[in-house]
Amino acid sequence: MDNDVFYKVSVIFKDVFNDQNLEIAPEMTAADIEEWDSLNHINLIIAHEIEFGVRFTSFEISNLKDIGQFVELLESKIQK
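First residue of the sequence shown? That's 81 in this note's numbering, and the numbers climb one at a time after it.
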């Protein structure tokens, strides 16, 4: 996992959840962040698409288990 990409992802999480003290880890899921509801889930996806210039499919997003898998998916799209 690329530390630069993970850092940018963590900044986006802080912005979306409006919590500069939020610390994320690869094994975290939506259940670990109280404010992570369906609306914030969409906001997270859109924010990452804009920041990194990528697009995610519904299928890709629905198969993710945790933040680490999301970062790996993001990295695979950046490298294309």
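Note that CB positions come from ideal geometry on N, CA and C, so glycine has one too.
Quick caveat, the model's predicted, so the values are computed rather than measured.
Cβ neighbours of Glu129 within its own chain (closer than 7 Å, five residues either side excluded): Arg135 and Phe136.
Exclusion of the five residues before and after Lys94 leaves Gln100 and Leu102 as the residues of its chain whose Cβ lies within less than 7 Å of its Cβ. If you draw a straight line from the Cα of Val151 to the Cα of Met81, it is about 7 Å long. For Ala111, the secondary structure class from DSSP, reduced to helix, strand or coil, is helix.
With contacts defined as CB atoms closer than 8 Å, Ile104 and Ile147 qualify as a contacting pair. Rounded to whole angstroms, the gap between the alpha carbons of Ile126 and Glu155 is 16 Å. The shortest C-alpha to C-alpha distance from Met108 to any of Ile122, Ser90 and Ser138 is the one to Ser90. Listed in chain order, the non-local C-beta contacts of Phe97 below 6 Å within the same chain comprise Glu115, local neighbours out to five positions each way being set aside.
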